[in-house]
Amino acid sequence: MPNHLSTFGVIHTAISLVGVAIGFIALFQDGKINPKTTNGRLYGIFTVLACLSSFLVMKTGHLSSAHNLSFLILILLPIVYYAPSLRIFGGKADYVQTIGMTATLFFSLVPAIVETLTRLPVEQPVADGPDSPVVKMGLLIMLVLFIVGMIYQAIKLKGQRKGLTPAM
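Spelled out as structure tokens, the structure:
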């Protein structure tokens with residue numbers, strides 16, 4: 110029997126997809142998710158709404174590791190949004206903010222990959238559960254892309270500091 114989404118699950122998924130899409134648009138347009146831009150602010154709003162709505166969607170009837178990622182994102186977002194004004198980060202605040210914002214997108218993609226592969230296609234999902242080899246491979250690929258993206262962002266920021274590249 111297919112694992113259908115509840116009405117609220119559909120709403121949560123739609124909110125999440127909008128947030129992820131805006132995050133990717135910001136990354137491709139600016140090379141980072143900048144909280145000072147319209148895309149950065151919208152990303153933050155939709156990501157917070159997705160995290161909060163996730164607590165009302167429980168496939169297993171209790172909090173899961175995906176909910177733990179929501180907690181992590183909700184803790185991380187305000188820190189990275191305000192990193193430039195927090196003295197603790199000193200001259201590295203731009204790195205903390207840029208990489209931290211990308212990390213929130215990565216953390217949002219983890220449950221997205223698991224849910225997509227274990228629910229679609231509806232009649233015969235690609236994976237039979239979160240421990241399926243195809244899910245693990247999808248997560249590994251996403252992790253590698255995230256690490257490559259973080260390295261790229263750090264190099265670009267370093268170049269900006271030296272005046273070698275235009276602003277992201």
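Taken in order, the sequence shown gives residues 110 to 277; the numbers are from the working numbering.
Backbone N, C-alpha and C fix where the C-beta goes; we use that ideal spot for every residue, glycine too.
Item                                                                                     : Value
Three-state secondary structure assigned by DSSP to H176                                 : helix
Inside the segment 136–169 only - alpha helix (DSSP H) runs reaching at least 4 residues : 147–163
Element boundaries [alpha helix (DSSP H), containing F255]                               : P242 to R270
K141 versus R228 - alpha carbon distance                                                 : 30 Å
Straight-line Cα distance separating G149 from A135                                      : 7 Å
8 Å CB neighbourhood of L120 in its chain, flanking five on each side removed            : It is Ile, not Leu, that sits at residue 120 in the sequence shown. Only S162 meet the Cβ criterion.
For F133, the three-state DSSP class (helix, strand or coil)                             : helix
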